[in-house]
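**Q** I have a structure here, written as structure tokens, and I will follow up with some questions on it.
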Amino acid sequence: MATTTATITLSSGDLTGDALSLSTTSTLTKAGTVTGLTQFTGVGRKTRATTAQLTLFDGDAYANGSHKVYLRNTSTVATEFFTIEINSEQMGKLYAGDWAFFPWEANADTNDIKIAASVSTAMTIEYALFIDE
Amino acid sequence: MGTVRASLSISSSDVMTTDINLSVGAGLSADSGILSRAKVVKTAVDANALEVYTVNDKSESAYLYLKNLETEKENYVYIYNDTDSDGLVAKIGGLEFCFIPVAVDKGYRVYGTRVDSMVEFAVFGLDSSAAGPFNQS
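Chains as they are written, first to last, in our numbering: chain A, 2 to 134; chain B, 313 to 449.
Next comes the structure, spelled out in structure tokens:
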């Protein structure tokens with residue numbers, strides 16, 4: 002069994018009078034078990050020179066499970082974002098330099114993860130998927 | 313205005329034949345971002361489900377951190393878009409977390425496999441004047 006860990010650290014000294022310092026680690030496991038995820042897409046990048054929506058991960062291509070998704074907008078232009086859609090719902094806008102990490106169920110053919118760049122001047126998204134199969 | 317540093321590190325020495333050491337960080341501008349701990353009170357979509365983001369609380373961009381504090385993996389919490397068609401945006405197993413962008417003009421709520429599960433969450437972003445404080449009741 003493979004062991005993969007994800008650690009998030011959130012810190013701020015000036016957000017409130019109480020300094021924020023949070024660090025938590027999760028071992029990436031299959032749905033409802035403590036069995037580690039054993040398949041990984043590797044870290045890839047996709048450059049988009051269009052604002053048209055792209056299906057990054059197709060819900061039909063993966064089993065119903067607890068896949069783990071990593072996304073990062075590599076842009077350095079602060080106003081540029083990718084709109085992230087999941088399960089035909091808008092998740093949010095991933096702005097330049099920002100990242101996201103979340104479990105993905107892929108519970109239906111329509112449970113796709115789609116992205117759309119805010120501009121058509123070659124934006125790049127970095128992605129990776131730990132697969133629960 | 314403050315700054316929040318959000319970092320992610322993913323590592324494994326055995327999921328592939330080469331080590332994985334992915335480390336990224338981002339500096340987020342934020343006016344607020346209270347780290348809260350709250351009880352999940354519903355097991356399905358409900359107008360009184362725990363609200364983790366209020367419509368228009370932030371402007372431009374907002375990021376939600378949420379950790380399911382349940383120790384049993386199969387006791388999930390579900391984050392859904394409460395403004396559109398109640399579709400799920402994440403299903404978080406016990407002791408798992410997510411860090412996701414949220415649409416600032418949508419509301420997000422949480423229900424669980426069971427009531428009384430605890431979650432820890434925070435939303436970071438620049439405040440909008442269009443909404444009041446979170447409903448954390």
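We put the CB at the ideal spot given by N, CA and C, even for glycine.
Looking at the unbroken beta strand (DSSP E) that takes in residue 351 of chain B, where does it start and where does it end?
**A** Residue 351 of chain B -> beta strand (DSSP E) spans 348-351.
**Q** Can you check the segment 320-369 of chain B for any beta strand (DSSP E) of at least 3 residues that lies completely inside it and give the ranges in chain order?
**A** Segments of the beta strand (DSSP E) lying fully in the segment 320-369 of chain B: 332-342, 348-351 and 362-365.
**Q** For the segment 80-92 of chain A, list every residue whose C-beta sits within 7 angstroms of some C-beta in chain B, in sequence order.
**A** Cβ contacts with chain B: 85, 87, 88, 89, 90, 91 and 92.
**Q** Pull up the distance between the alpha-carbon of residue 342 of chain B and that of residue 349 of chain B, whole angstroms please.
**A** So the alpha carbons of these two residues sit roughly 20 angstroms apart.
**Q** Would you kindly work out how many angstroms separate the C-alpha atoms of residue 106 of chain A and residue 31 of chain A, rounded to a whole number?
**A** Taking the straight line from one Cα to the other gives about 10 angstroms.
**Q** Residues of the segment 94-105 of chain A in Cβ contact with chain B at a cutoff of 8 angstroms, in chain order, please.
**A** Result list: 94, 95, 96, 98, 99, 100, 101, 102, 103, 104 and 105.
**Q** Could you please tell me which residues of the segment 52-80 of chain A, in chain order, have their CB closer than 8 angstroms to any CB of chain B?
**A** Those residues of the segment 52-80 of chain A that come within reach of chain B (Cβ to Cβ, closer than 8 angstroms) are 67, 71 and 73.
**Q** Name, going along the chain, the residues of the segment 2-14 of chain A whose beta-carbon falls closer than 9 angstroms to a beta-carbon of chain B.
**A** Within the segment 2-14 of chain A, the residues whose Cβ lies closer than 9 angstroms to some Cβ of chain B are 2, 3, 4, 5, 6, 7, 8, 9, 10, 11, 12, 13 and 14, listed in chain order.
**Q** Do residue 91 of chain A and residue 374 of chain B have their C-beta atoms closer together than 7 angstroms?
**A** No, these two residues do not count as a Cβ contact at 7 angstroms.
**Q** Please confirm whether residue 442 of chain B has its beta-carbon closer than 7 angstroms to some beta-carbon of chain A.
**A** Chain A, which has no Cβ nearer than 7 angstroms to the Cβ of residue 442 of chain B, makes this no.
**Q** Chain B beta carbons: is any one of them nearer than 7 angstroms to that of residue 16 of chain A?
**A** Yes, its Cβ sits closer than 7 angstroms to a Cβ of chain B.
**Q** Are there three or more Cβ pairs, one per stretch, closer than 8 angstroms when the segment 366-383 of chain B is compared with the segment 433-441 of chain B?
**A** Cβ pair count under 8 angstroms is three or more, so yes.
**Q** Roughly how many angstroms lie between the CA atoms of residue 448 of chain B and residue 411 of chain B, to the nearest whole one?
**A** Confidence is the limiting factor: at residue 448 of chain B the pLDDT is only 49, short of 50, which leaves the residue's position unreliable and the question unanswerable from this model.
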